[in-house]
Amino acid sequence: MAIDLDGVRAVINGAGQGIGAAIARGLAESGARVVVGDINEEKARAVAAEIGGSARAVKVDVRDRASVRAAIGEAVTAFGGLDAMFNNAGIAQVRPFLDITEEDFRVVMDINALGVMIGVQETVRQMKAQGTGGSIVNTASIAGKQGYEPLAHYSASKFAVVAFTQAAARAFGKDGIRVNAICPGVVATDMWKTIDQGFQDNALTERPQEAFETFAAGAVLGRASTPGDLVGVARWLASTESGFTTGQSLMADGGMVFV
Ligand SMILES: NC(=O)c1ccc[n+]([C@@H]2O[C@H](COP(=O)([O-])OP(=O)(O)OC[C@H]3O[C@@H](n4cnc5c(N)ncnc54)[C@H](O)[C@@H]3O)[C@@H](O)[C@H]2O)c1
Numbered sequence: 035m036a037i038d039l040d041g042v043r044a045v046i047n048g049a050g051q052g053i054g055a056a057i058a059r060g061l062a063e064s065g066a067r068v069v070v071g072d073i074n075e076e077k078a079r080a081v082a083a084e085i086g087g088s089a090r091a092v093k094v095d096v097r098d099r100a101s102v103r104a105a106i107g108e109a110v111t112a113f114g115g116l117d118a119m120f121n122n123a124g125i126a127q128v129r130p131f132l133d134i135t136e137e138d139f140r141v142v143m144d145i146n147a148l149g150v151m152i153g154v155q156e157t158v159r160q161m162k163a164q165g166t167g168g169s170i171v172n173t174a175s176i177a178g179k180q181g182y183e184p185l186a187h188y189s190a191s192k193f194a195v196v197a198f199t200q201a202a203a204r205a206f207g208k209d210g211i212r213v214n215a216i217c218p219g220v221v222a223t224d225m226w227k228t229i230d231q232g233f234q235d236n237a238l239t240e241r242p243q244e245a246f247e248t249f250a251a252g253a254v255l256g257r258a259s260t261p262g263d264l265v266g267v268a269r270w271l272a273s274t275e276s277g278f279t280t281g282q283s284l285m286a287d288g289g290m291v292f293v
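Everything in the sequence shown is counted per the working numbering, starting at 35 for the first residue and increasing by one.
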């Protein structure tokens, strides 16, 4: 039986494109009402318009608590509450380990780790006020399970996502709030274009797509992911079908990292 998200009110951050946009579309197709949040408001609007119906778009910078609160407020105003929150926004940077600067570290940590912490905190406040419980889904990565050398600070930020996921699950289980993470592998999005270019810029690869293809070849299912590959697990985590699962960081990587 297909998962039915009728009545589910969701916010998806980092949903102007890529994985977040696919999740927003997928949840809406299953009946959820969605707030599409992104720092790029134009892209958020385009995704919400394409979804149509009751989808809303908001400009959100996940580093900025007030804007995260406003995105949640949009779900409350438009739909009457919040049942599922996807803290999905993230950035990647390729740097050889010894070249990572303090500024690089802060930039990546601010969006990927601090952004998730703020997203979890503000969601919990809302869900506790509602008294309904709910589902929080953070986007981690294979790099949240393995440290990759030219992505060390990115990997550290994704380990942080896994840690926040576990700690929040322990803290708020009694409130009926489940907290899980999704760990994608190599997904064909703009992020991987940036990573692929970063490998070339640092003379780690010689031709376009080389890093993408090399990493993707590590998936036992034999191909790179598309954003659509993450939709099933996102739907499941947003639904009551996953009602006894919390604190988990679920690999959805085509079989790259076994934990
Ligand atoms: N692409 C992959 O292979 C891959 C693998 C593992 C994990 N991930 C994770 O998946 C998530 C989505 O990645 P993607 O591949 O779709 O990337 P993407 O670059 O295609 O999309 C990321 C989106 O996040 C938005 N964003 C960036 N900074 C923001 C901020 N401060 N506030 C709000 N929005 C912001 C961007 O505008 C963009 O729309 C990220 O957390 C990423 O780390 C991606």
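We put the CB at the ideal spot given by N, CA and C, even for glycine. Predicted model only: the values in this text are computed from it and were never measured.
Put simply, the backbone Cα of residue 64 is about 7 Å away from that of residue 37.
Straight through space, the alpha carbons of residue 203 and residue 211 are spaced by roughly 7 Å. In this structure, residue 182 sits away from residue 127, with a CB-CB distance that is not shorter than 9 Å.
At the C-beta level, residue 52 and residue 242 stay beyond 9 Å of one another. According to the DSSP assignment, residue 158 belongs to no beta strand (DSSP E) but to the alpha helix (DSSP H) extending over 149-164.
Leaving aside the five residues that flank residue 67 on each side, the residues in its chain whose CB is nearer than 6 Å to its CB run, in chain order, 43, 88 and 113. The segment 99-117 makes no contact with the segment 170-180: fewer than 3 CB pairs, one atom from each, lie closer than 8 Å. Residue 171 is bridged by DSSP to 120 and 214.
Per DSSP, residue 272 is one residue of the alpha helix (DSSP H) stretching across 265-272.
Excluding its 5 nearest sequence neighbours in each direction, residue 108 has C-beta neighbours in its own chain below 6 Å: 69, 90 and 92, listed in chain order. For residue 246, the CB contacts under 6 Å within the same chain, skipping 5 residues up- and downstream, are 226 and 230 in chain order.
The Cβ atoms of residue 257 and residue 268 do not sit closer than 9 Å to each other.
Linking residue 178 to residue 196 through their CA atoms gives a straight-line distance of about 6 Å. In this structure residue 224 is exposed. Its beta-carbon is surrounded by fewer than 16 other beta-carbon atoms within 10 angstroms. Relative to the Cα of residue 153, the nearest Cα in the group 135, 129, 97 and 235 belongs to 97.
Assigned with DSSP and collapsed to three states, residue 74 falls in coil, not helix or strand.
In this structure, the C-beta of residue 174 approaches ligand 1 to less than 8 Å from one of its heavy atoms.
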